[in-house]
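The letter at position 12 of the sequence shown is residue 484 when you use the numbering used here, and the numbering goes up by one with no holes.
Take a look at the structure below.
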Amino acid sequence: MANFSLRSHFRAIACICLLAAAPLAHAAGIKTLMRDMNQAMKGAMASTTMPQLSSYVSRLESDAMQASQQPYSYDQGTYNQGMKTLRQDLSKVDQAIKAGDMAAAKHELQQVIRTRNHYHHLLS
């Protein structure tokens, strides 16, 4: 009987620990994605060929899509708007890439950076 009680308490404590860790896992997910987006942005801006640029922009788009699906506990509305704007900006970059215009794509990437900076300021 004591063994059952100890096991029951252990399970309860384990459940509480998992629930408490869930928000941290989401925060780590967002931070990891944001770090990867930063690296991809640096790579995109340093790209010298369209395939290289396209690869980095695809990575940015994938990270942005994943990040937009993450909860953000401080100001979800502003976070969602920022992610929506970021994805729209990246769409313009993608259009320039499809047109084969590296200068326009990098110009649009500058807007992505401005959007990022604007929303980082609002959310900090």
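Just so it is clear, CB atoms sit at the ideal spot from N, CA and C, and this is done for glycine as well.
- Here the C-alpha atom of Gln538 lies approximately 22 Å from the C-alpha atom of Gln524.
- Ser596: not part of any alpha helix (DSSP H); DSSP gives it neither H nor E.
- DSSP places Thr550 within a helical segment (H, G or I) once states are collapsed to three.
- Between the region 498-515 and the region 564-572, the count of C-beta pairs closer than 8 Å stays below three; the two stretches do not touch.
- Here Leu532 has Met509, Ala512, Met513, Ala516, Leu562 as same chain residues with Cβ atoms under 7 Å from its own Cβ, once five neighbours each way along the sequence are excluded.
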